[in-house]
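Worksheet: one structure, shown below.
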Amino acid sequence: HTRMVLIITAFLLIGGSLFVYLAEYSNALGQLPDHEKINAAIFMSVNSRTAGYTSIDNASMLSVTKTFISILMFIGGASGSTAGGIKVNTLGIMIIAIISVIKSNNETVVGKKRIPNNVVLKAFSVTMLAAALVSIVTMSINLMQPEFSLIDTLFEATSGFATVGLSSGVSPLLNAPGKLLIIISMFVGRVGPISFALTFSLFKKENSGVVYPDGKFIVG
């Protein structure tokens, strides 16, 4: 578990820093000296998944950078931390599960440890719930206020859900319903998508002992 978190965190940190540095070298980072460009890129890569501070103008970033930062915010930090998002643990479990499917393995194994199927299902469920929430908030705000670009709206919705605090300048200009949607996404994100999803398990029925036969379903 710890090894998986450290590896994914390092990959996101290094990959995120390189992407921001290369994409914004002549744009948002253009006025900074070369050594400060590197510092700002690393700072942005870390902050987009945790604190929400910023050393560059988010509104001036390219659309592709805003989209990439939105992905980093959506992923967030590690489980048990104060960071938001779906958590790097969840991302790691999904990646390992996908690799297992590609290899036609019946079990999800990492580091000679088997990941229970219910954990894999929870990881995908949490991600789908989070993606659905961010998508609904983004499209709703964009419908109510089409003057904002879809990328900027997505940036705000993801930042709200992940409780990051970054903004492209849209939040102060939102109408009351738009701000309410951001507040709702912040609440769900702060409670945590995992905790939010697990609340439904409180209402599950007791095991009746009935075992149903496997059905035949086509996927893909």
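Note that this note's numbering numbers the sequence shown so that position 22 is 16, with each residue one more than the last. A virtual CB, placed ideally from N, CA and C, is assigned to each residue, including glycine. Here the structure is a predicted model, which is why all the values come from computation and not from measurement.
- With fewer than 16 other Cβ atoms from the protein chains shown falling within 10 Å of its own Cβ, leucine 16 counts as exposed.
- Secondary structure remark: continuous beta strand (DSSP E) runs of at least 3 residues inside the stretch 132 to 168: none found.
- Classified as buried, asparagine 52 has 16 or more neighbouring CB atoms from the shown chains inside 10 Å of its CB.
- Taking the Cα of serine 64 as reference, the smallest distance to any Cα among Ser119, Ile109, Tyr206, Val128 is reached at Val128.
- Under a 10 Å Cβ-count criterion, methionine 55 is classified as buried, with 16 or more other Cβ atoms of the shown protein chains found around its own Cβ.
- Secondary structure in the stretch 56 to 106: the alpha helix (DSSP H) runs of 4 residues or longer, each lying completely within the stretch, are 57 to 69, 82 to 96 in chain order.
- Under the DSSP definition of a beta bridge, arginine -3 lacks any partner.
- DSSP places glycine 214 in no alpha helix (DSSP H); its state is neither H nor E.
- The criterion of a C-beta distance shorter than 9 Å is satisfied by serine 42 and valine 158.
- A straight-line Cα-Cα distance of about 16 Å links isoleucine 2 and phenylalanine 62.
- By the beta-carbon neighbour count (other beta carbons within 10 angstroms, threshold 16), alanine 4 is exposed.
- Between serine 57 and isoleucine 176, the CB-CB gap reaches or exceeds 9 Å.
- Here DSSP, grouped into helix, strand and coil, assigns isoleucine 109 to strand.
- Secondary structure at aspartate 51: coil, using DSSP grouped into helix, strand and coil.
- Counted as a single uninterrupted DSSP element, the stretch harbouring asparagine 21 is not any alpha helix (DSSP H), since DSSP gives it neither H nor E.
- Close CB contacts of methionine 138 within its chain, under the 7 Å cut and outside five residues either way in sequence, are with Asn169, Pro171, Gly172 (chain order).
- Between valine -1 and serine 73, the CB-CB gap stays under 9 Å.
- Counting along the chain, no alpha helix (DSSP H) covers glycine 46, and no H or E run does either.
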